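Protein chains in written order, with this note's numbering: chain A, 1 to 364; chain B, 1001 to 1294. Using N, Cα and C, we set each Cβ at its ideal position, and we do this for glycine too. Bear in mind that the values here come from a model prediction, so they are computed numbers and not experimental data. Read the structure below first, then the notes.
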Amino acid sequence: MTRYQTPAALPATWLVAEREIRMRVRSKAFLISTGILMLVVLASVILPSVLGGGDSKPTVAAVGSAIAAVQQADAFEVTEAASVDEAEQLVRSEDVDAAVVPGDGATGLTVIGFDEAPSDVVVALSVSPAVQLLETPTHNPGLVYIVAIGFGLVFFMSALTFGSTIAQSVVEEKQTRIVEILMSTVPVRVLLAGKIVGNSLLAFGQIVVIAVLAGVGMLATGQDILLADVGPSIVWFAVFFAAGFVLLAALFAASAALVSRQEDVASVTSPVTMLVMLPYFLVIFFNDNPTVLAIMSYVPFSAPVGMPMRVFLGTAEWWEPLVSLAILLVSTVIVVAIGSRVYANGLLRMGARVKLGDALVKQS
Amino acid sequence: MLELTSINRSFGARRVLHDVSFTVKRGRMTGFVGGNGAGKTTTMRVILGVLAPESGTVTLDGEPLTASARTSFGYMPEERGLYPKMPVAEQITYLGRLHGMSTEEAKKSTYSLLERLGLGERTTDTVESLSLGNQQRAQIAAALVHDPEVLVLDEPFSGLDPIAVEVVLNVLKDFAAKGAPVLFSSHQLDIVERLCDDLVVIADGEIRASGSREGIRAAHGSPRYELQHSGDVGWLRDESGVTVLDFAGGYALFEVDDEPIAQRVLQRAIADGRVERFGPKLPTLSQIFTEVIQ
C-alpha cells in the first residue's frame, strides 16, 4: 500500500484547470462557436476596407445648361439627358442618384431626387461658408461606434460563454455528486481556483487570438493607421479582461453552487448575466458621453470595456488605467473571497435552491 | 484502526448524530447498518472530512485526521457520481492524480482495476454510455484507484448482480487483507451478514450496537436452542425455565432462562430417544436489527 502525498495546492489547481480546458476544447459546440466568433471579428475588420474601397461619386443626370454646372463641380458621374422628362425617368429607374436641371433661384439649378433629398448632390452644388475648427477631431464618430461595439460585444460574448461554462461545470459536479469525491480529495478552494483558472485561461486565450486576428487583419488590408490608433486600447482591453473575468468567474461559480440542477442554472446566474450585459449596452448608448464613460471606466464590472474605450478616445490620463486596474484587482480579490465561501457552503446542499444569505453565513 | 469518538452534528435544529463512537479495525470488513435517515451518510461524510462535526474526533491509529492523511482514504459516496461525458479510464486516472499519483502510476492502477472489475473492454467509453451496474463498478474503481489505506463505502453493493457482488467483494477483501480498515454500509442485511467481520448498528443518530458479528449476535436476544428429536418433545412445555417458541412433533425452538437449563433439556432428550440435532440458534442480523433499533 503506497501512501501518496496530496499534491500541493498549485499542482492540484492546475490538474483541475487542465481538466476544465481539456473537456472544453474537446466539445464540438465550443469549437464551432469560437470559429464563428473569429470569422465575425475578421470580417468586421476586413470587409469595410474591401467593400468601401471604391469611393464612387454620386451619379446624376443633367439637362441643358445644368450640364456645364455639374461638370464644373467635378463631383459626379454625369449622364447627359435630352429633356427634363428623360432625366426624371432615369431617376425613377434608379439609373442615377439624382437629376440636375435648369431652374430658378441663386444657383439657377433644380435637383430632382427620387423619394428623399439627395443631400450629397445638394451639398456639392451649394456654396458653403468657410469653416474653421478650433480643435481637430481625432476620431470619426462611425469608427468610435464600431470600436465601442467591438469591445462591448467581445467582452459580453466571451464573459458570457465562459461564465456559463463555469456555472454548468459547477452544477454538473453537484448534480452528479462527484463533488463529494472531489471534496474528500482536494480542498474546496483548490476546486474553485482550478475552475476559475482553467476557464479564465480559455477566455483570455480567446481574447488574445481575437486581438491578434484583428491586428493582423488591419495590417493585411493596409489599415496601419487604424491599428496604431486602436492598438493600445486593445492591449488594455486584454489586460482588463483578464482581471475582470476572474471576478465574473467567481460570481458565476458561487451563484451556480446554490442550485443542484442544470435547469436552474440560467435563473440563478441571471443577476450575473445582467452585470455582464450592462457594460455592453452602456458603451453602445453612451460612447459619446464622457461622464458615463468616466464612471464606467472605474466601476469594476464595466471597467474592462469603459477604460479601453477612453484610452482609445484619448480622454484618459496615462495613470487612469493603472488606478482603475488597481480598483479592479482589489474588488476581484474581495469577490473571490466571498464567492469561495458561498461556493463551499453551497456545494453539499442538494435539492432546493440555497438562499444566498444562508450560504454566506452558515458553516457547512 | 479508525476510531470515531463522541461525534455530534446537527443540521439546523435537527440533531443528526448524537455522541457517535465506534471503531473500524484494520484488516476487518466492518458493516454499517441503519435505516433511512439514521445518520450513516452523515457519519461517513464526517469521516472523510467533507462535513465538519460540531464536536468529537476521528483518529487513525490514534492520530487525529488531517487533510493529507485523508488523501489515502478511498470513498464511495451514497449518491453515485462521475463525470457523465468523460471516458471511464480518463476520469479515474484524473482522480488518481488528484490523490497525488503520477500520471503513469494512475494509469497503471486504473487499467488493472478496471480489468479486475470486468470493465477492461469499456475503458474509452463515456460513463453515461455504461449500464447502471457498470457505472457502479466504475464508481468502485474511482474509490480504489489510489490504493487507499482506509476504505469508506456507502452502499457499495446496491444495484449489482450476484456475480458482480462477488467480484467487488473479492476486491474489497484484498484491501482488508492488506491491512486496510474497510467500512461499508448496506441495507441489504443478508449481504452484510455474510460479508462483514464487525458490525455497527446506527438508529436515530445513535450507535445502538457495535462489535464483532458473533459478539453482537450472542449479546442480543436471549439464547435460543433448536432440538430435533426422534420422538415427540411435547414435554418441553412443562419444563421450568423453558419458553417454547416453535413446536412441530419432534422439532422445537425454545428459549431458556440460563444455560444449565439447556443442558438439562439435552440430557432428558438423550434419555428419551435419539437426538438428531441440538444446538444454540443465533438470531439473524435482521432480528437483531429490528430489536436494537426499537
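Quick one: does residue i have its CB under 8 Å from some CB of chain B?
i	result
residue 385/A	Here chain A covers residues 1 to 364 and nothing more, so residue 385/A does not appear.
residue 7/A	yes
residue 197/A	no
residue 185/A	yes
residue 218/A	no
residue 20/A	no
residue 32/A	no
residue 348/A	yes
residue 177/A	yes
Thinking just about the alpha-carbon of each residue, which of the options is nearest to the one in residue i?
i	options	result
residue 1078/B	1071/B, 1037/B, 1024/B, 1121/B	1037/B
residue 48/A	335/A, 318/A, 226/A, 296/A	226/A
residue 1203/B	1015/B, 1122/B, 1011/B, 1094/B	1015/B
residue 103/A	69/A, 223/A, 322/A, 90/A	69/A
residue 1196/B	1271/B, 1001/B, 1017/B, 1025/B	1025/B
residue 1050/B	1066/B, 1005/B, 1140/B, 1267/B	1066/B
residue 188/A	203/A, 201/A, 170/A, 333/A	170/A
residue 366/A	142/A, 132/A, 161/A, 60/A	This structure does not reach residue 366/A, given that chain A is present from 1 up to 364, and the question cannot be answered.
residue 361/A	353/A, 352/A, 346/A	346/A
residue 327/A	311/A, 295/A, 355/A	295/A
According to DSSP, is residue i helix, strand or coil?
i	result
residue 53/A	Because the pLDDT of residue 53/A is 49, which lies under 50, any placement of that residue in the model is unreliable, and the question is left without a value.
residue 7/A	coil
residue 1280/B	strand
residue 354/A	coil
residue 1119/B	coil
residue 1111/B	helix
residue 1261/B	helix
residue 312/A	helix
residue 1076/B	strand
residue 1148/B	coil
residue 1043/B	helix
residue 1082/B	coil
residue 192/A	helix
residue 364/A	Low confidence applies here, because residue 364/A scores a pLDDT of 43, under 50, leaving its location unreliable; read the following figure in that light. In the structure shown, residue 364/A sits in coil (DSSP, three-state: anything other than H, G, I, E or B).
residue 1336/B	The structure shown has nothing for residue 1336/B, since chain B only spans 1001 to 1294.
residue 1063/B	strand
residue 133/A	coil
residue 1206/B	strand
residue 154/A	helix
residue 1010/B	strand
Assign residue i to buried or exposed, taking buried as 16 or more other Cβ atoms, counted over all protein chains shown, within 10 Å of its Cβ.
i	result
residue 359/A	buried
residue 269/A	buried
residue 291/A	exposed
residue 1134/B	buried
residue 319/A	exposed
residue 53/A	Low per-residue confidence applies at residue 53/A: pLDDT is 49, beneath 50, and the placement is therefore not dependable, though the value from the model is reported in the following sentence. Its Cβ having fewer than 16 others within 10 Å, residue 53/A is exposed.
residue 1290/B	exposed
residue 988/B	No answer is possible for residue 988/B: the residues shown for chain B start at 1001 and end at 1294.
residue 1058/B	buried
residue 34/A	buried
For residue i, which beta-bridge partners are listed by DSSP?
i	result
residue 61/A	79/A, 99/A
residue 1211/B	1199/B
residue 1126/B	1087/B
residue 1226/B	1253/B, 1279/B
residue 1029/B	1182/B
residue 1241/B	According to DSSP, which records beta bridges pairwise, residue 1241/B is partnered with nothing at all.
residue 1022/B	1004/B
residue 110/A	101/A
residue 92/A	None, per the DSSP bridge assignment.
residue 1058/B	1004/B
residue 73/A	Note: residue 73/A sits in no beta bridge, so no partner.
Taking only beta-carbon atoms, is residue i less than 8 Å away from chain A?
i	result
residue 1009/B	no
residue 1075/B	yes
residue 1084/B	yes
residue 1067/B	yes
residue 1027/B	no
residue 1037/B	no
residue 1079/B	yes
residue 1101/B	yes
residue 1111/B	no
residue 1142/B	yes
residue 1056/B	no
residue 1030/B	no
residue 1095/B	yes
Indicate, with yes or no, if the ligand MN has a heavy atom lying under 7 Å from the CB of residue i.
i	result
residue 12/A	Ligands are entirely absent from the displayed structure, and the ligand MN is therefore not among its contents.
Interface residues of the stretch 1157-1188 of chain B facing chain E [CB-CB below 8 Å]: Here chain E cannot be found, since the structure's protein chains are A and B.
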